[in-house]
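Here the structure comes first, spelled out in structure tokens, and everything after it is commentary.
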Amino acid sequence: MKPNFKCVGILPLIRHGVSVIALAAVTFTADASLDVVTTTADLAALVTVVGGDRVKVTALAKPTEDPHFVDPKPSYIVRLNRADLLVESGAELEDSWLRPLLQGARNAALLAGGEGRVQAAAGIELIDVPDALDRSKGDLHAAGNPHFLMDPFKARMAAQSISEAMARLDPGSADYYRANFVRFGELLDRRLEVWQKRLEPHRGRRLVAYHNIWPYFGRRFGLRIDLFLEPKPGIPPTPASLSDVVAEMNRDNIRLILVEPFQPRRVAERVAARTRAEVVDLTQYPGGMKGTEGGYLELMDYLIETLAVALDKTQ
Ligand SMILES: [Zn+2]
Numbered sequence: 187m188k189p190n191f192k193c194v195g196i197l198p199l200i201r202h203g204v205s206v207i208a209l210a211a212v213t214f215t216a217d218a219s220l221d222v223v224t225t226t227a228d229l230a231a232l233v234t235v236v237g238g239d240r241v242k243v244t245a246l247a248k249p250t251e252d253p254h255f256v257d258p259k260p261s262y263i264v265r266l267n268r269a270d271l272l273v274e275s276g277a278e279l280e281d282s283w284l285r286p287l288l289q290g291a292r293n294a295a296l297l298a299g300g301e302g303r304v305q306a307a308a309g310i311e312l313i314d315v316p317d318a319l320d321r322s323k324g325d326l327h328a329a330g331n332p333h334f335l336m337d338p339f340k341a342r343m344a345a346q347s348i349s350e351a352m353a354r355l356d357p358g359s360a361d362y363y364r365a366n367f368v369r370f371g372e373l374l375d376r377r378l379e380v381w382q383k384r385l386e387p388h389r390g391r392r393l394v395a396y397h398n399i400w401p402y403f404g405r406r407f408g409l410r411i412d413l414f415l416e417p418k419p420g421i422p423p424t425p426a427s428l429s430d431v432v433a434e435m436n437r438d439n440i441r442l443i444l445v446e447p448f449q450p451r452r453v454a455e456r457v458a459a460r461t462r463a464e465v466v467d468l469t470q471y472p473g474g475m476k477g478t479e480g481g482y483l484e485l486m487d488y489l490i491e492t493l494a495v496a497l498d499k500t501q
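First residue of the sequence shown: 187, per my numbering; consecutive thereafter.
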């Protein structure tokens, strides 16, 4: 060890009266401080907006997968075992596949009521809550409609729940998470005006969808999306149930049928052939279709513009 050798560069400076300040090498680790798992891609997008580079986030369901029926892979158990925070929609959206995964994961913090669990539905007023629970007919929305993130206002509420949970688990970054949430809310407010203006000419128009993901979106943007190819959420259509839908579409001149990537488009096409309607491909998840990968606001941009164009065309 020859320390003088190391100092040879600054010694001449000191000799000439120049003060040398050696700064300690303070580095901020690029490693994310929180490991977050979400059930679906929309929640992962909200986690990213709030957590930035201080979180690592993984969505279990693919954005092209039906959120009610996700294929529970063994690797998901490992992810849940290591996670600090689990964010789900709740309202029974993920119940059937998430519960067995959590049993395998043995991570007490993620259990319902645990400090590492966010159920976005908490504090959100659900639409279509039945007076009494009745799953006997296989209704997937037996606890109320769980697709509330289709309303940007409710997505903002979910983002706030996420930022508060992260602030609690990682107090050192609490200000950062909260500031990101506030910025997201401001961006969302500005975009909301644009979205509402774009759909305003179509206020009151009636549309058909394969599955009822739309009541929150419809209310927010003044569209009536209250007729579905499924006779009940999760129950496949029959020839008789489709004939009823066709009759109503022709009676009310309904011109659009909305389908998602995981739904049987052929069924929608057969209905379109018996009506004056066209099939419109949409997704409820960022990354579910090309052009929606950017995040929640970009997904909404895509939905609003695609719908507006289809509505313009079928005036
Ligand atoms: Zn559903």
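Glycine residues also receive a C-beta, built at the ideal position from the N, C-alpha and C atoms.
Computed from a predicted model, the values in this text were never measured in an experiment.
Problem - Contact check, L442 vs T500, beta carbons under 8 Å - result: Yes, they are a contact pair.
Practice task
Could you check the C-alpha separation between V212 and Y262 for me, to the nearest Å?
Solution key: Reliability fails at V212, whose pLDDT of 36 lies under 50, so the model's placement of it is uncertain and the value that follows must be treated cautiously. Rounded to the nearest angstrom, the two C-alpha atoms are 36 Å apart.
Handout entry: P401 Cβ short of 7 Å to ligand 1 heavy atom set
Key = No, Cβ of P401 sits at least 7 Å from all heavy atoms of ligand 1.
Handout entry: Where Q449 falls: helix, strand or coil (DSSP)
Key = In this structure, Q449 counts as coil in the three-state DSSP scheme.
Practice task
Can you grab the Cα-Cα spacing for the pair P253 / P338, in whole Å?
Solution key: A direct Cα-Cα distance of roughly 19 Å separates P253 from P338.
Practice task
Compute every distance between the C-beta of P316 and the non-hydrogen atoms of ligand 1, then say whether any falls below 7 Å.
Solution key: Result no, Cβ not under 7 Å from ligand 1.
Practice task
Find out if the Cβ-Cβ distance for the pair G302, A295 is shorter than 8 Å.
Solution key: Contact flag set, yes.
Handout entry: Distance cut-off 7 Å: L229 Cβ against heavy atoms of ligand 1
Key = With a cutoff of 7 Å, L229 does not count as near ligand 1, since its C-beta is closer than that to no heavy atom of the ligand.
Exercise for the section: Check each candidate in D438, A227, L288 and name the one with the smallest Cα separation from V264. Expected result: Out of D438, A227, L288, L288 has the C-alpha closest to the C-alpha of V264.
Problem - CA-to-CA distance, G237 to A426, given in whole angstroms - result: Taking the straight line joining both Cα atoms gives about 49 Å.
Problem - From R268, V495, L326, residue whose alpha carbon lies closest to that of N293 - result: Selected option, being the one with the closest Cα: R268.
Exercise for the section: Return the residue from the list V235, F448, E386 that minimises the CA-CA distance to R502. Expected result: For residue 502 there is no data in the structure shown, the boundaries of the chain being 187 and 501.
Practice task
For A360, decide whether its Cβ has a neighbour in chain D, counting only Cβ atoms nearer than 8 Å.
Solution key: The displayed structure is made up of one protein chain only, and chain D is not part of it.
Handout entry: Selection from E379, A395, R452, G358 that minimises the alpha carbon distance to M435
Key = With distances taken between Cα atoms, M435 lies closest to A395.
Exercise for the section: Could you say which of L409, R342, E379, N398 lies nearest to D325 if we only look at CA atoms? Expected result: The closest CA to that of D325, considering only L409, R342, E379, N398, is found on N398.
Practice task
Assign K383 to one of two classes, buried (16 or more other C-beta atoms within 10 Å of its C-beta) or exposed (fewer than that).
Solution key: Exposed.
Exercise for the section: Answer yes if the region 412 to 426 comes into contact with the region 351 to 369, meaning at least three C-beta pairs across the two stretches below 8 Å, and no otherwise. Expected result: No, because fewer than three Cβ pairs between the region 351 to 369 and the region 412 to 426 fall closer than 8 Å, the two stretches do not touch.
Exercise for the section: Quick one: using the 10 Å Cβ neighbour count with 16 as the cut-off for buried, is L272 buried or exposed? Expected result: Buried: at least 16 other Cβ atoms inside 10 Å.
Problem - CB contact flag (E350, Q305, <8 Å) - result: The answer is no: Cβ separation not under 8 Å.
Exercise for the section: State yes or no: is the C-beta of V223 within less than 8 Å of the C-beta of L246? Expected result: Yes, the pair counts as a contact, with Cβ atoms nearer than the cut-off.
Problem - Status (buried if at least 16 other CB within 10 Å, exposed otherwise) for S347 - result: Counting other Cβ atoms within 10 Å of its Cβ, S347 reaches 16 or more and is therefore classed as buried.
Handout entry: Given F407 as reference, the closest of S219, Y471, M486, V453 once Cα atoms are compared
Key = Of the listed residues, the one whose Cα sits closest to F407 is M486.
Practice task
For V233, I'd like the list of residues in its chain whose CB is within less than 7 Å of its CB, leaving aside the five on either flank, ordered along the chain.
Solution key: Taking V233 as the centre and dropping the five residues before and after it, the same chain places the C-beta of V222, T224, V241, V243, V273, I348 closer than 7 Å to its C-beta, in chain order.
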